[in-house]
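Start counting the sequence shown at 1; every next residue gets the next number (the UniProt record's numbering).
Cβ coordinates follow ideal geometry from the N, Cα and C atoms, glycine included.
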Amino acid sequence: MNHELTLIVETLESRQTLQALMPKKAWDAALDRRIADLPLITSRAAGREQTELVALMAGLHLLNESLDASHSHAQEIEHDSTGAYWHGIMHRMEGDFSNGNYWFHNAGAHPAMRKLQERAADWIRNSTVLSDLPSGAVRDGIAAIAGQARWNPNAFTSMVALQESGKVSEETRGALEYIQHLELEALFAYTLEAARERLS
1 MNHELTLIVE TLESRQTLQA LMPKKAWDAA LDRRIADLPL ITSRAAGREQ TELVALMAGL
61 HLLNESLDAS HSHAQEIEHD STGAYWHGIM HRMEGDFSNG NYWFHNAGAH PAMRKLQERA
121 ADWIRNSTVL SDLPSGAVRD GIAAIAGQAR WNPNAFTSMV ALQESGKVSE ETRGALEYIQ
181 HLELEALFAY TLEAARERLS
């Protein structure tokens, strides 16, 4: 794997704060420039190879909370389920919730959602998160994740929209950010693995 890419991934994975539900700016502007300068997408790449590398760029930028840069890459691969999933998360993070749901629908039952559902349900069942949260719609939605058979991105988007509306306690924000973190981790791991062969 490209040495600079490895350093960027290590920086993103070691950050001490979770991505905001609706970030206002890139987490690290200098890192965003380093991501943009990665020589991953070349004229030699074509078809599936190109799609996997563009998805990787969309993911790297979104992990760095750089919504516009992520969006520009995701738009190039709207036909692909991974591209559609990154596109949906980006729109949710910018507060365009219905557009996010549109792209989640296009992503379909993405393979990363299975891993996400397992990890989120396990965290909810085996932590004190539910007992620590105030009662209400967000807590109920988080509890539902533990019992559902598959990931429901629209239900999660509804919880984020409610959180961002200011009509619920700020005490639920951290739990939603952690679930979003699990989502970003699962999708990025899938995206990186899909692109790994192209990076050697």
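- For a cut-off of 8 Å, the C-beta gap from Glu177 to Leu18 is around 4 Å, short enough to register as a contact.
- Cα atoms of Lys24 and Leu31: separation of roughly 16 Å, rounded to the nearest angstrom.
- Counting only runs of at least 4 residues, the segment 54 to 106 fully encloses the following alpha helix (DSSP H) elements, listed from N- to C-terminal order: 67 to 74, 81 to 94.
- Beyond the five residues adjoining it in sequence on each side, Ile179 comes within less than 6 Å, by CB distance, of Ala120 in the same chain, given in chain order.
- By the neighbour-count criterion, in which 16 or more other beta carbons inside 10 Å mark a residue as buried, Gly147 falls on the exposed side.
- In the three-state DSSP reduction, Ser135 falls in the coil class, being neither helix nor strand.
- Straight through space, the alpha carbons of Ala69 and His3 are spaced by roughly 22 Å.
- Counting C-beta pairs closer than 8 Å gives three or more between the segment 151 to 162 and the segment 93 to 103, which meets the contact rule.
- If you draw a 10 Å sphere on the C-beta of Glu65, you find 16 or more other C-beta atoms in it, and that means buried.
- Leaving aside the five residues that flank Asp80 on each side, the residues in its chain whose CB is nearer than 8 Å to its CB run, in chain order, Thr51, Ala55.
- Collapsing the DSSP output to three states places Pro153 in a helix.
- Judged by their CB atoms, Thr191 and Gly108 are not nearer to each other than the 8 Å cut-off.
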